[in-house]
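Trainee: Counting in this note's numbering, the final residue of the sequence shown is number 1219, and the numbers go up one at a time with none missing. Cβ atoms here follow ideal geometry from the backbone N, Cα and C, with glycine treated the same way.
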Amino acid sequence: MTFQSDPAQPPAPGTIFAEVAVNAGQPARTPFTYSVAEGSVVKPGQAVFVPFGPKILQGIVIRLNEQTDLQAVRPIASVADPEPLLSPAHLELAQWMANEYLAPLWDCIACCLPSGYGQKPVTMVSPVDVPPLLPVYPKDQKILQYIAEHGRVTVEALREAIGQVSLTTLQRLQDEGHLTVAQGLARPSGRPRFERRIQLSIEPAEARRIAETLAEGSPRSVEARILDHLSRIPDSTLTEVRDLGATPKHLAHLEEQGYLHQVEVQLERDPLAGFDFTPRPRPTLSPEQAAAAEAAWSGGTTLLHGITGSGKTEVYLDLVERALGEGGSAIVLVPEIALTPQAIRRYGERFGATLAVIHSQLSTGELFDQWFRIQRGDARLIVGSRSAVFAPAQDLKLIVLDEEHEWSYKQADPQPRYHARAVAEKLAASTGARVVLGSATPDLVTYHRSETGGIRRVELHGRLAPATDGSVSEGALPTVTVVDMREELHQGNRSVFSRPLKRALNQALKAGEQSILFVNRRGSARFVLCRDCGYLPLCPSCEVSMSLDQSSPIHPVLRCHHCGRSRRLEDRCPKCDSAKYRPFGVGTQRIEQEARAQFPGARVARWDSDVSRQKGSHERMVRALEERQIDILVGTQMLAKGLDLPEMTVVGVVDADVGLSLPDYHAQERTFQLLSQVAGRACRRDKPGWMYFQTYDPK
């Protein structure tokens, strides 16, 4: 039952020692020391297998030493990969994160590894025999019957099927000869994907001639069809050939005769396969943009402070072009996965095939292939969310954080709870890369650093309106109107839309333009409250008010948008049984319903995390907006950043007061940032735009 490995021994003279981060599931922030067997070659960053107690576990070599203070050490069991997976810069970064964020070292190392690379230890149970007389103990009987029926299984699967099973019981059954227990590693979820292909080994004309000589209806007629097919498609998949009636026997016979051969081809799962990059003319930077790019390229960390629509993206593109022109790589981070489709399109139009994308909505296989594509140097521009900062970019020259003020750059759970901005600056310090922090509303800490000389700050003051030929002209800011909703109530308007906002939406619809209705709350209502006793349903896990969600086809539910916990909405107050148990406030579902009712001819869509969980949903929404399939878009903060739509002229914030009363010292700062960003979605080109803030506290 235990793993048989070399015991710890006093180190011999001349022994090399490796400090290894071990995938042990323990909160260790330091590596473990192992000896390197004589004749073995081990390098920092290399994946190895090491003994850990009675098990063999996965590890990554952090560094090599010629001496150790330990009296006895165990040797590395084996090398997993011949070449290092991680660079010295990423090894240094992982150790810094472990100390900075008090996180387990392996968890920090795992951030830098390919998706799905980790292998967890598992205990496997295998049958040996089932005795004629089953043991007296009922639990023993269940165990032996289950493994007799299912063969080799994990202890977890066994426990799930028959209930709690102790390792002591398994050890006893092994000693009695009824089963075997072995420690091992689970198969990694991230691995290459291969496809078997059938390729012609002779000339197509000869294959057609041979196929014609094989009489139709003879036992070799299937082989004739195979050769005829390969004469037209010399490289076919095994599935295509099987559809002709081919069996392994047919293929083996043709392979023996030298007519074809079978190969395993690695397939790349490409998340950019559906994108069509049409090259755009390179725009001419304005003098202000050119000066900003020159300053940022001079090195260090730069805050690019420019109002929405001031052309920060064009500065990023210029800097990326410089990085790639020097043979290096660049990483561009965006705060929301929803922003990646437009970012991919903008950068893809300029840099095409060298682009890679990394974010959490990609499959494990796609992330695995993208990681190795980047490590090989086939992709030198990486676009993605915060996790893309760990991409194994070769010769890194530039890291850009667009909308650097966004809280989504901070990882909350699981560990390590890092901030992508701090990680980017640490990685840049190790690689010599430049860091550009771009925002119209910078984080106060970042802005203070630029004020005190900690980092450089460059300003973009004017708004630009790019044209299709690559030229730019001066753009305008939207006209901002603050609507006092108390006055609307006094005038008898009890709708969620003020009269000025209604007029603007109607005018935009008549002109064939697009509009945004922004409310930073999902669901149908912000909360449910009993007007008699004041009962407010709170999430038992998060202690925050639960929102009303009416999207269920069966009955309304109360849902916590932090942890996802939900329960059915009661008809009456569960505390005092009052009928005055009603929803308050508005959410995206309610605004969508009201917009459809108020503007029956409009094409209304909702964009929040409740409707964008499926893979590719963000790309489909952006495409629908760009193709003018949506007139009014209702959504949360994911649409407040980065969207660049030429026909978007009206933006309405339905409830601008949301967020100001949150128990967070960032509340006012984040509300200002959010409202400024959503205002920037209007009049992105040469058309005028209008912005409406609906509030009960206009001062």
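Apart from the five residues just before and just after P634, which ones in its own chain have a Cβ nearer than 8 Å to its Cβ?
Mentor: Result list for P634: L605, G710, L887, F888, W891 and F892, in chain order.
Trainee: Nearest to E680 by CA position, among L690, Y666 and L693, is which residue?
Mentor: Of the listed residues, the one whose Cα sits closest to E680 is Y666.
Trainee: Would DSSP call G1172 helix, strand or coil?
Mentor: Reduced to three states, the DSSP call for G1172 is strand.
Trainee: What is the DSSP secondary structure of L1037, counted as helix, strand or coil?
Mentor: In the structure shown, L1037 sits in a strand (DSSP, three-state: E or B).
Trainee: If contact is defined by three or more beta carbon pairs under 8 Å, each pair taking one atom from either stretch, is the stretch 842-857 in contact with the stretch 906-916?
Mentor: Yes, they touch.
Trainee: Looking at the C-beta of A618, does it have a partner C-beta in chain B at a distance below 8 Å?
Mentor: Absent here is chain B; the protein component of the structure consists of one chain.
Trainee: Here's the rule I'm using: 16 or more other beta-carbon atoms within 10 Å means buried, otherwise exposed. How should G545 be labelled?
Mentor: Classification for G545: exposed.
Trainee: To the nearest angstrom, how far is the alpha carbon of L1037 from that of L1029?
Mentor: Approximately 14 Å, taken between the alpha carbons.
Trainee: For the structure I just gave you, are there three or more beta carbon pairs, one from the stretch 932-947 and one from the stretch 893-901, closer than 8 Å?
Mentor: Flag = no, the stretch 932-947 and the stretch 893-901 do not touch.
Trainee: Quick one: what's got a C-beta closer than 7 Å to T884's C-beta in the same chain, skipping five residues either side?
Mentor: Same-chain partners within the cutoff: S635, G636, S709 and G710.
Trainee: Only counting the same chain, and skipping five residues up and downstream in sequence, which positions put a Cβ closer than 7 Å to that of F1119?
Mentor: Answer for F1119: L1025, L1029 and I1152, listed in chain order.
Trainee: Within the continuous beta strand (DSSP E) that includes H773, where are the two ends?
Mentor: Taken as a continuous stretch (DSSP letters only), H773 belongs to no beta strand (DSSP E), being part of the alpha helix (DSSP H) at P768 to E776.
Trainee: Look at F537 and S560 and say whether their C-beta atoms are less than 8 Å apart.
Mentor: Against a cut-off of 8 Å, the Cβ pair of S560 and F537 comes out as no contact.
Trainee: Between R717, I746, R713 and R716, which lies nearest to R728 when the distance is taken from Cα to Cα?
Mentor: Nearest option by C-alpha distance: I746.
Trainee: Distance, Cα to Cα, H749 vs R713?
Mentor: One C-alpha to the other measures close to 25 Å.
Trainee: Closer than 6 Å by C-beta to T828: which residues in its own chain qualify, once you throw out the five before and the five after it? Chain order, please.
Mentor: Taken in chain order, the residues that qualify are A960 and G1200.
Trainee: On the CB-based measure, 16 or more other CB atoms within 10 Å of its CB, does G1209 come out buried or exposed?
Mentor: With 16 or more other Cβ atoms within 10 Å, it is buried.
Trainee: Could you tell me the distance, in whole angstroms, from the CA atom of S907 to the CA atom of W927?
Mentor: The straight-line gap from Cα to Cα measures roughly 14 Å.
Trainee: Return the residue from the list E1146, Q566 and V1173 that minimises the CA-CA distance to L1165.
Mentor: Of E1146, Q566 and V1173, the residue nearest in Cα terms is E1146.
Trainee: Quick check: the Cα distance between V1039 and V1171, rounded to an integer number of angstroms?
Mentor: Using only the alpha carbons, I get a separation of about 11 Å.
Trainee: Q862 to T1191, Cα distance in whole Å?
Mentor: Those two C-alpha atoms are separated by around 25 Å.
Trainee: In terms of residues, what are the limits of the alpha helix (DSSP H) holding R1110?
Mentor: Here the alpha helix (DSSP H) through R1110 covers T1108 to Q1118.
Trainee: With distances taken from CA atoms, which of L590, P602 and F871 is nearest T798?
Mentor: With distances taken between Cα atoms, T798 lies closest to F871.
Trainee: Enumerate in chain order the residues of its own chain whose CB-to-CB distance from T966 is below 8 Å, with the five nearest sequence positions on each side excluded.
Mentor: Cβ neighbours of T966 beyond the five flanking positions: L823, E924, H925, R941, L957, S959 and I975.
Trainee: Just the Cα atoms here: how many angstroms apart are Y657 and H1082?
Mentor: Roughly 46 Å between the two C-alpha positions.
Trainee: Does the count of Cβ pairs from the stretch 1048-1063 and the stretch 1084-1103 closer than 8 Å reach three?
Mentor: Output reads yes: the stretch 1084-1103 touches the stretch 1048-1063.
Trainee: As a quick exercise: from W626, R707 and Q661, pick the residue whose alpha carbon is nearest that of P1221.
Mentor: What the structure shows of the chain is the stretch from 521 to 1219, and residue 1221 is not part of that stretch, so it cannot be assessed.
Trainee: Going along the chain, which residues of its own chain have a beta-carbon closer than 7 Å to the beta-carbon of E784, five neighbours each way excluded?
Mentor: The residues are F714 and R716.
Trainee: Under a three-way DSSP split, which group does Q895 fall into?
Mentor: Three-state DSSP puts Q895 in a helix.
Trainee: Measure the alpha-carbon distance for L1194 versus Q1157 and round it to whole angstroms.
Mentor: Spanning the two alpha carbons is a distance of roughly 7 Å.
Trainee: Reducing DSSP to helix, strand and coil, say where L705 ends up.
Mentor: If DSSP states are grouped into helix, strand and coil, L705 belongs with the strands.
Trainee: For T860 and H1138, which I take to be in contact (beta-carbon distance under 8 Å), what is that distance rounded to the nearest angstrom?
Mentor: Confirmed, Cβ separation roughly 7 Å.
Trainee: From the DSSP output, read off the bridge partner residues of W1127.
Mentor: The partner list for W1127 (beta bridge, DSSP) reads G1155.
Trainee: Taking L918 as part of the beta strand (DSSP E), name the residues at either end of that continuous run.
Mentor: L916 to D922 is the extent of the beta strand (DSSP E) around L918.
Trainee: Under the three-state reduction of DSSP, which class applies to Y929: helix, strand or coil?
Mentor: Helix.
Trainee: If you run the structure through DSSP and keep just helix, strand and coil, what is F1192?
Mentor: Note: F1192 maps to helix in three-state DSSP.
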